[in-house]
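Notes for the one structure printed next.
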Amino acid sequence: QKEVEQDPGPLSVPEGAIVSLNCTYSNSAFQYFMWYRQYSRKGPELLMYTYSSGNKEDGRFTAQVDKSSKYISLFIRDSQPSDSATYLCAMRDYGQNFVFGPGTRLSVLP
Amino acid sequence: DGGITQSPKYLFRKEGQNVTLSCEQNLNHDAMYWYRQDPGQGLRLIYYSQIVNDFQKGDIAEGYSVSREKKESFPLTVTSAQKNPTAFYLCASSSPVDRVTYGYTFGSGTRLTVV
């Protein structure tokens, strides 16, 4: 089992849809959870960051962490064509272990 | 503007050649990292450096080498010993505080292709 697994996609949705992107993990030591957005042929950029369990909202984006289930989600409301990108979850423990998920490619169709 | 600059954007390597990928940052970050990205496999850590003149192997260091002579620069050499070098290479940096809360800042990447 990989340390972090992510819905493989690709995922295509119509403009305005609610998108749910998900990751599961196996290491209970992970405490910090991040979502990166990566446009084609570009480096990832940090989108959301959360510590431990709970929800965090930033505009159209909501990050959710359920440590008891080892499951994190990113919700995108009112999705736009500009949201079309690959989304990477990432997580780390208190030490040096920083792991990325393989990414989910999202296409939002106008 | 502060950031990380990777060059070149595209690089072609012949069999048996060594090539060097450049990574420069002006964020005053102490730590720098090299990742390799292949489709469906996520980011895999090649090397990282937390201070000048010191670096450590990551998960897939074989066939790669690095140097850290200046805080701003962390070049990666892909040697002929790397059997499957075609990939997208990403350089990243972080500061001790930011790494806890914000993870890494990434460059725009170099796409290396063996011809």
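Chains A and B, in that order, give the protein sequences. To convert, note that position 104 of the first sequence is 104 in the working numbering; the numbers rise steadily by one, no gaps. To convert, note that position 81 of the second sequence is 1081 in the working numbering; the numbers rise steadily by one, no gaps. Each residue gets a CB set at the ideal place from its N, CA and C atoms; glycine is no exception.
Distance between residue j and residue i (C-alpha atoms, nearest Å)
| i | j | result |
| --- | --- | --- |
| phenylalanine 75 of chain A | methionine 48 of chain A | 11 Å |
| lysine 56 of chain A | serine 1022 of chain B | 36 Å |
| aspartate 1054 of chain B | serine 68 of chain A | 38 Å |
| aspartate 1059 of chain B | asparagine 97 of chain A | 11 Å |
| arginine 1013 of chain B | phenylalanine 33 of chain A | 37 Å |
| leucine 88 of chain A | glycine 1103 of chain B | 12 Å |
| proline 81 of chain A | serine 52 of chain A | 31 Å |
| threonine 1020 of chain B | glycine 54 of chain A | 43 Å |
| leucine 1043 of chain B | tyrosine 1064 of chain B | 16 Å |
| lysine 1083 of chain B | arginine 92 of chain A | 30 Å |
| valine 108 of chain A | glycine 1016 of chain B | 42 Å |
| lysine 1117 of chain B | leucine 46 of chain A | Outside the shown range of chain B, which is 1001 to 1115, sits residue 1117 of chain B, and nothing can be said about it. |
Amino acids of chain A, ordered along the chain, whose beta-carbon sits closer than 7 Å to that of residue i
| i | result |
| --- | --- |
| leucine 1076 of chain B | Those within 7 Å of leucine 1076 of chain B in chain A number zero; the least Cβ separation is about 14 Å. |
| glutamine 1041 of chain B | Pro102 |
Cross-chain neighbours of residue i in chain A, by beta carbon under 9 Å
| i | result |
| --- | --- |
| leucine 1011 of chain B | Residues of chain A passing the Cβ test: none, with the nearest at roughly 13 Å. |
| leucine 1112 of chain B | Per Cβ cutoff of 9 Å: no residues; leucine 1112 of chain B is ~13 Å from chain A at best. |
Residue closest to residue i, alpha-carbon to alpha-carbon, out of the options
| i | options | result |
| --- | --- | --- |
| phenylalanine 1074 of chain B | B:Thr1086, B:Ile1051, B:Asn1084 | B:Ile1051 |
| valine 1078 of chain B | B:Gly1002, B:Glu1072, B:Thr1086 | B:Thr1086 |
| valine 4 of chain A | A:Asn22, A:Leu21, A:Arg105, A:Gly101 | A:Gly101 |
Contact list for residue i against chain A, beta-carbon separation under 8 Å
| i | result |
| --- | --- |
| leucine 1021 of chain B | Here the premise fails: no neighbours, minimum Cβ distance about 13 Å. |
| leucine 1090 of chain B | Gly43, Pro44 |
| glycine 1109 of chain B | Arg41, Lys42, Gly43 |
| phenylalanine 1055 of chain B | By Cβ distance, chain A contributes nothing, its closest Cβ being about 14 Å from phenylalanine 1055 of chain B, past 8 Å. |
Beta bridge counterpart(s) of residue i as assigned by DSSP
| i | result |
| --- | --- |
| tyrosine 32 of chain A | A:Tyr51, A:Arg92 |
| glutamine 6 of chain A | A:Cys23 |
| proline 110 of chain A | Partner(s): none; proline 110 of chain A has no beta bridge. |
Residue i, DSSP secondary structure in three states
| i | result |
| --- | --- |
| serine 69 of chain A | coil |
| serine 1108 of chain B | coil |
| serine 79 of chain A | coil |
| glutamine 1041 of chain B | coil |
| glutamate 1069 of chain B | coil |
| threonine 1020 of chain B | strand |
| threonine 1086 of chain B | coil |
| valine 99 of chain A | strand |
Chain-ordered neighbours of residue i on chain B, where CB pairs are closer than 8 Å
| i | result |
| --- | --- |
| leucine 88 of chain A | Gly1042, Leu1043 |
beta-carbon residue i near the ligand ADP non-hydrogen atom, thresh 8 Å
| i | result |
| --- | --- |
| valine 1115 of chain B | Although the ligand ADP was asked about, the structure shown includes no ligands whatsoever. |
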